[in-house]
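Peer 1: Quick one: this structure, given as structure tokens, is what I'll be asking you about.
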Amino acid sequence: MTKHTADTNRRRFIKLTVTGLAAAPLANAMFSGSAEAADMVSESEPTAVALKYKMDATKAPERKDKSAFCNNCSLYTGKPGDANGPCTVFGGKLVSSKGWCASWVKKA
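For the sequence shown, numbering that gives the first Met the number 0 begins at 0 and goes up steadily by one.
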């Protein structure tokens with residue numbers, strides 16, 4: 000094998016690896032079963048406790064921005080107007096659209 004071919008193969012391998020790693024979370028979200036997504040996040044779950052998740056944002060004393068709700072967070076993937084929707088922070092589990100957690104980031 001020539002040096003040129005080895006370099007080309009190495010570059011191709013690296014590109015495919017990076018593309019695969021970038022696509023893995025998207026593929027997981029697209030192909031995850033609806034049974035998983037139907038689970039609501041409980042405020043008592045360890046991740047929810049660590050992120051101070053509240054199903055009712057008005058009951059979250061740590062929330063500084065009074066307009067901060069799950070439904071206007073960039074991590075919330077639910078449809079506008081839905082009462083609940085999936086959240087990427089909680090692995091696609093459902094959160095209340097009127098909820099809040101410490102990972103809240105305003106939608107662009």
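All C-beta atoms, glycine included, are put in the ideal place defined by N, C-alpha and C.
Below 8 Å on the Cβ atoms is my contact criterion, and I expect Ser-73 with Lys-105 to pass it. Report the Cβ-Cβ distance as a whole number of Å.
Peer 2: Right, the Cβ-Cβ distance comes to about 7 Å (below 8 Å), so this counts as a contact.
Peer 1: Tell me whether Lys-14 is buried or exposed, calling it buried when 16 or more other Cβ atoms sit within 10 Å of its Cβ.
Peer 2: Exposed, by the Cβ-count rule.
Peer 1: Apart from the five residues on each side of it in sequence, which residues of its chain come closer than 6 Å, Cβ to Cβ, to Ala-23?
Peer 2: If we look at Ala-23 and ignore the five residues flanking it on each side, it has no Cβ neighbours.
Peer 1: By DSSP's criteria, Leu-93 is part of a beta bridge. Which residues make up the other side?
Peer 2: BP columns for Leu-93 point to Met-39, Pro-85.
Peer 1: Can you give me the C-alpha to C-alpha distance between Ala-56 and Tyr-75, rounded to a whole angstrom?
Peer 2: Near 14 Å, if we compare the C-alpha coordinates of Tyr-75 and Ala-56.
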